[in-house]
Structures are given as C-alpha cells and as structure tokens.
Amino acid sequence: MFRLLSFIIVLIVGVTESALSQKVDVYSRPRRVERSRDYEATHYRIKLKFDEDKKTFWGENTMTLTPFAEVFNQCELDAEILKATSVVDADSQPLKFEQTDSSVVVQLARTYHYGDTLSFTVSYYSVNPQPDAKKYGMSPDYDLGLDFKDATADNPRLINTLSLVLRPTANIFFPNTISARMKAR
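Those letters in the sequence shown? Residues 3 to 187, per the numbering used here, in order.
Next comes the structure, spelled out in structure tokens:
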C-alpha cells in the first residue's frame, strides 16, 4: 500500500510540475552564427575614466594581435554603444577607421602577414549607455555591459558592469573581437 501511495504522489507531483513549468521554444530564438576571424587577440590593455554625474565614460583599448590571414591590412572590432574618437598604432601614428552602429574597422598602416604581431589603441567614449538586453536573449530589464545606476533608498549610486563573463556583451564597454554570437546561458 505504501508503494502504491508513493507512486501516486510522485505521479501527481510530476504531472503538476510539467503542467506548470515554463515552456521554452528554443527554435524561436534568433540564429547566431560565429564569424570567422582573421586574427587572434592576444592581449587587451583597457583604461577607463568615468563621470558619474554625466553618466559618461571614456576608454582606451590597446590591442595586441596576431593575424591568421596571409594578407592582413584591416581589423574589424565589435563596438556597440561606443563612439570611437581615434585609433593610433604602436608608434602613436594615427590610423584611419570607419565606424558603424556595431563595429569599428581599423585600416592598418601596412600589410601584416600570418604570425606577425601588431598593436594599436582605440580611444572611445559613451554617454549614458543603454545596452539592448533583448538582443542577447535576456529580458528587457536585465543589466548588461556597463551602465550607471542612480541612488535608491536601498543602494548608493554606482557604476554597474555585467558582461556575462566577457561574452557576449563585452563589446558594450570596450572595443574587442568578441561578438554577440551566442545567447546568455
């Protein structure tokens, strides 16, 4: 009798749990494809400066990288909500660059080849950053990247950073090679 009663309880709990559980349609998520890279980033040196009152930050990201391509004369970086102001090579010589809503394409001063090592620095800023959490499969109120939090009765004013272990949202607070190729887990 005890076994039968135990079986019925387990059955009821199991049916109730499955009926009340959240249904997730994994096929409705946007498809993410990893981009091919022409280089490996071997080092980032990031300097940040903040103005909490104006909800603004400025940064410099010095990247060291090694090309995988035999002919490498431009480098594309992911850079959401950031406005690049300048790019200089390791000798502090200015480099040309183009910016879109999601990236910065740096035109290198010369052609590099497979196995070479090069460095350049991107200077940038962002005013009142507002990352789009839905783009990364999170709820709209989920904090991503870097943002400024006003003081509340429970918490002081603060600068919040959440990068999901640098993927996929690191590009929200420094130009880098990590794209929004996967959803947060």
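Note that beta-carbon positions come from the ideal geometry of N, C-alpha and C, so glycine has one too. As the structure is a computational prediction, the values presented were derived from the model and not from experiment.
Which residue marks the beginning of the beta strand (DSSP E) containing residue i, and which one marks its end?
i	result
H45	41 to 53
K151	147 to 151
E62	58 to 69
Please classify residue i: is it buried, with 16 or more other beta-carbons within 10 angstroms of its beta-carbon, or exposed?
i	result
F133	Before going further, note that residue 133 is Pro rather than Phe in the sequence given. It counts as buried.
L160	exposed
D149	buried
E78	buried
I124	A small correction: the amino acid at residue 124 is Val; Ile does not occupy that position in the sequence shown. With 16 or more other Cβ atoms within 10 Å, it is buried.
F99	buried
R5	exposed
G117	exposed
F70	exposed
V89	buried
D55	exposed
S128	buried
If residue i sits next to residue j, beta carbons under 8 Å apart, how far is it from one beta carbon to the other, in whole angstroms?
i	j	result
F74	T113	7 Å
T68	T44	6 Å
L97	Q109	6 Å
Y41	N63	Going by Cβ atoms, the distance from Y41 to N63 rounds to 15 Å, so no, they are not a contact pair.
H115	E72	6 Å
A92	F122	7 Å
S105	D80	6 Å
Q101	A111	Rounded, the Cβ-Cβ distance is 18 Å, inconsistent with contact.
F85	N130	A quick correction: the sequence has Lys, not Phe, at residue 85. 12 Å between Cβ atoms; not a contact.
Can you check DSSP and say which residues form a bridge with residue i?
i	result
T163	L148
inquiry  = My parser needs the beta strand (DSSP E) runs of 3 or more residues fully inside the segment 56 to 136; what are they?
reply    = The segment 56 to 136 contains, as complete beta strand (DSSP E) runs of 3+ residues, the segments 58 to 69, 74 to 80, 85 to 91, 98 to 101, 105 to 114, 120 to 129 (chain order).
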